[in-house]
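Protein chains in written order, with my numbering: chain A, -9 to 204; chain B, -9 to 204; chain C, -9 to 204; chain D, -9 to 204. Read through the structure below, which is laid out as structure tokens, and then see the notes.
Number of protein chains: 4
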Amino acid sequence: MAEKREKPAPKSRSRDGGDKRERILRAAIKVFAKHGFYATRVSEIAKEAGVADGTIYLYFKNKDDVLISIFDDRIRKLIELLERLTSEAKTTEERLRSIIEVQLGLFEGERELAEVVTVNLRQSSKLLKQYASPLFNEYLGLIARVIAEGQAEGTVRDDLSPRLLARAMWGGLDGIALNWTLGGGGPEKLRIAAKQYAEFYWSGIVARAAENTH
Amino acid sequence: MAEKREKPAPKSRSRDGGDKRERILRAAIKVFAKHGFYATRVSEIAKEAGVADGTIYLYFKNKDDVLISIFDDRIRKLIELLERLTSEAKTTEERLRSIIEVQLGLFEGERELAEVVTVNLRQSSKLLKQYASPLFNEYLGLIARVIAEGQAEGTVRDDLSPRLLARAMWGGLDGIALNWTLGGGGPEKLRIAAKQYAEFYWSGIVARAAENTH
Amino acid sequence: MAEKREKPAPKSRSRDGGDKRERILRAAIKVFAKHGFYATRVSEIAKEAGVADGTIYLYFKNKDDVLISIFDDRIRKLIELLERLTSEAKTTEERLRSIIEVQLGLFEGERELAEVVTVNLRQSSKLLKQYASPLFNEYLGLIARVIAEGQAEGTVRDDLSPRLLARAMWGGLDGIALNWTLGGGGPEKLRIAAKQYAEFYWSGIVARAAENTH
Amino acid sequence: MAEKREKPAPKSRSRDGGDKRERILRAAIKVFAKHGFYATRVSEIAKEAGVADGTIYLYFKNKDDVLISIFDDRIRKLIELLERLTSEAKTTEERLRSIIEVQLGLFEGERELAEVVTVNLRQSSKLLKQYASPLFNEYLGLIARVIAEGQAEGTVRDDLSPRLLARAMWGGLDGIALNWTLGGGGPEKLRIAAKQYAEFYWSGIVARAAENTH
DNA sequence: AATGAATGAGAATTCATTCAT
DNA sequence: CATGAATGAATTCTCATTCAT
């Protein structure tokens, strides 16, 4: 228990040009994507990052923490980006399209990152719990809030739980990203998929006049 | 390398009730689902199965082989079950609802299969790429086929890729199942979620007369 | 916390003649005595015992547990032996002489054991706590009881705490053993020391008629 | 090997209050007492002393050297103190009481030093044999000398070896101190114990007119 | 066929020590 | 003199797999 999260992180940029923490994360993404989390040796990350094995432990609690940090860092970026975009967008539909584009767009040109996030993240039960981390929940909450607002203004059907719809969106996009990762199509495929998914998703939740879907 | 697949498999069903191979597989599903593939010790499987550690190696080449065998045996059964259900159902909508219920493990006795699909699928990248992927594609293909048939008969809109919609469904359900697993609500929660998801999904793909979703 | 003490100990004597647990303990005494607890590698113990590294962990929880077990095993022997001897002895004086002889006598011909018990035992704080272990207290209690009985029957002065006198005896004998260990005299030296110590000890605690020690 | 003893010791007492070497030693006593020599990290000493890790190495060759220095510095002080006290005391009995009080009393205001002396002394067999032993012998010799003088003047029975009696005293007091350390009673407990032990000890060695202890 | 004690390769992590600043 | 980030050798312990019984 009593996990002291967040390593103090030696005030970076001391001897070398780039931020060491960042270098390690980038190296980890590379090797995790290649061999998977469990098959990756800490020494491989160190080698790829050009640091000593022990240095990793100056910036991360342990190997798990490296993977978690990759996830957290990206989710953090997603959240920041989305908070800006959703406040700029005029309508609920636009907001949701933004979210979809951004979540998939983050992976464009970073297939390795996509693989780590979609595949490796579930390889440890510890990480699985992290999956329900505050940060991840914040992200889901952000989506759910947009949906709830849509329901309030009457543009989104209100017989479905916003949380469930948020989860469904995350899962759907995650599945698409996984498939793209395994499949090996170009970035354009991902962009097309994003468009179609947005189409499908909006149709699924939009409020309709007098209609019975059954 | 030099993989000599298929163990001789001691002429099953000797004197104990179910044959041992089956008992081991069942035990493995149970513990894999609980702790994940990597965190599961071979000795745990043995204990759960009520056999000695060494016995596992009479039926399986190694630990990996146990997981692979689960996919070979079980997912195939899951696919068969789905094929039967989808052929029995009258309409596309009913077929899709069946799939949703099956994947979420709502058919009694099939919960373990659901867990294998949602939890274990991503646990070994090697596996994912080598063995699981083809099978997984078969599973996705089955969903896609149902959707394509819907498009052919005009009940499903035809401007969206069936494959993409299949992936979206799988991902969405996977997310919901994972959330449910971590959250700890009762089975009724899952059933409600299934209903809502089906509602949402069908709305998202159903063909509509003269309508513009934009 | 929740330390599950006592390893199940694979029902010994399977493949080899001698009890493996015993062999490991004997080997550990040897190498601990030579290099000290911390400087001793687990692999050295294994090598000396002629077993694989991992085998150690079938019989002991960890390296600490090996040292603790040495201590516990010997104290247990001491207690058993002493309980017999003290019930056989006629007088309190004889009982105390027995204790002294036995505690030092246990080391006769086992200089290495003496070194481990007197020197190495304090090398780990975990062990230090063990020092206040039930077993050790039982041993001290046994000595204290003999003294208290002497006080009750009037042969031992009753203005001194039996516990303190017990501790003083243990410490004194431990100190003598340590010195003998470091010094390097023969076993006869230890026997002479035992006799003199008994002499001194008894004089220190015997009840005297009308006398003032001040 | 190739031990270059004695670090240059930066010209002490620069601008900060006490000189740094002393601060480090004091800090080391504190943490050694708490965790033991091996479990203490150099960085902990540094932190406690309020200096950087590297600074330790400006004043001491290595971690071992810190422990050795504690003994060199402190035990020497203990010996000096005892030499003064024993020359001031009038009778042998008083001298021995002084020693007992000092050995236990020294610790009264310096429980931590007590722990280092009693507990840590045995933590490094290398240390014990190399450095501590000569000094320790000097300390024992001091006690033995007092006893021998008592024997010469006829106040102490002369059928017991002064060295043995010295060892017995040290061991007995060490045991009492250890017990007190682990037990956690107040300083008064220690003072009472000292009194009782002195009582017992003197009774054990005092020369008696025509008496037979058997 | 079944067992489970024994194996030993393998890997994460720690921490004393160094040295560029 | 002082710092503390970086190093990387060193070590415990785990656990898949084997094989004598």
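From the three backbone atoms N, C-alpha and C, an ideal C-beta is built for every residue, glycine too. Bear in mind the structure is a predicted one, so any value in this text is a computation, not a measurement.
Please list, in chain order, all residues of the same chain as residue 90 of chain A whose beta carbon is under 8 Å from its beta carbon, the five residues on each side excluded.
159, 163, 184, 187, 188, 191
Quick check: what's the CA-CA separation for residue -7 of chain B versus residue 30 of chain A?
Unreliable positioning characterises residue -7 of chain B in this predicted model, as indicated by a pLDDT of 43, which lies under 50. A coordinate reading is not provided.
Could you check if residue 81 of chain A is buried or exposed, using at least 16 other CB atoms within 10 Å of its CB as the buried criterion?
exposed
In chain B, which residues lie less than 7 Å from residue 186 of chain A when you measure between Cβ atoms?
150, 151, 154
Going by other Cβ atoms of all chains shown within 10 Å of its Cβ, with 16 needed for buried, is residue 152 of chain C buried or exposed?
buried
Please classify residue 56 of chain B: does DSSP put it in a helix, a strand, or coil?
helix
Whole-angstrom distance between residue 76 of chain B and residue 128 of chain B, CA atom to CA atom
15 Å
Quick one: list the residues of chain C neighbouring residue 191 of chain D, beta-carbon separation under 9 Å, in chain order.
158, 190, 194
Report the neighbours of residue 166 of chain D on chain C: residues whose CB is nearer than 8 Å to its CB, in chain order.
154, 157, 158, 161
Return the CA-CA distance between residue -9 of chain D and residue 58 of chain D, expressed in angstroms with no decimal places.
For residue -9 of chain D, the predicted model reports a pLDDT of 38, less than 50, meaning its position is unreliable and no value from the coordinates is stated.
Indicate whether residue 111 of chain A and residue 92 of chain A have their beta-carbon atoms separated by less than 8 Å.
no
Which of helix, strand or coil DSSP assigns to residue 21 of chain B:
helix
Nearest CA to the CA of residue 48 of chain C: which residue from C:133, C:10, C:70, C:194?
C:10
Checking contacts by CB at 8 Å: is residue 123 of chain B closer than that to chain A?
yes
Can you tell me whether residue 106 of chain C is helix, strand or coil according to DSSP?
helix
If contact means a Cβ-Cβ distance below 9 Å, which residues of the segment 12 to 28 of chain D contact chain C?
24, 25, 26, 27, 28
Chain A partners of residue 169 of chain B, CB-CB under 7 Å?
157
Where the alpha helix (DSSP H) containing residue 140 of chain A begins and where it ends:
124 to 143
For a test of the three-state rule: what should DSSP assign to residue 32 of chain B, helix, strand or coil?
helix
How far does the alpha helix (DSSP H) with residue 65 of chain B in it extend, from its first residue to its last?
Where residue 65 of chain B is concerned, there is no enclosing alpha helix (DSSP H), given that its DSSP letter is neither H nor E.
Applying a beta-carbon distance threshold of less than 7 Å, which residues of chain C neighbour residue 183 of chain D?
154
Thinking just about the alpha-carbon of each residue, which of B:156, B:150, B:194 is nearest to the one in residue 182 of chain A?
B:150
Does residue 141 of chain A have its Cβ less than 8 Å from a Cβ in chain B?
no
At a threshold of 7 Å, does residue 166 of chain A count as lining the ligand ATP (C-beta to nearest heavy atom)?
As for the ligand ATP, it is missing from this structure, which has no ligand bound.
With residue 178 of chain D as the anchor, note down where its alpha helix (DSSP H) starts and where it stops.
177 to 195
How about residue 41 of chain D and residue 60 of chain D: are their beta carbons less than 8 Å apart?
no
What residues match up with residue 146 of chain A in a beta bridge as DSSP calls it?
A:196
I'd like to know if residue -7 of chain A contacts chain B, where contact means its C-beta is closer than 8 Å to some C-beta of that chain.
At residue -7 of chain A the pLDDT is 46, less than 50, meaning the model places this residue with poor confidence; the figure from the coordinates comes in the next sentence. It does not; no Cβ of chain B falls within 8 Å.
Residue interval of the alpha helix (DSSP H) (run including residue 113 of chain A):
First-last for residue 113 of chain A: undefined, no H or E at that position.
Taking only three categories from DSSP, how would you classify residue 71 of chain B?
helix
Return yes when the Cβ of residue 66 of chain C is within less than 8 Å of the Cβ of residue 125 of chain C, no when it is not.
yes
Close-in-space but distant-in-sequence residues of the same chain around residue 39 of chain D (CB under 7 Å, 5 per side omitted)
13, 14, 17
From the DSSP output, in three-state form, read off residue 99 of chain A for me.
coil
Please report the straight-line C-alpha distance between residue 178 of chain C and residue 70 of chain D, rounded to a whole angstrom.
35 Å
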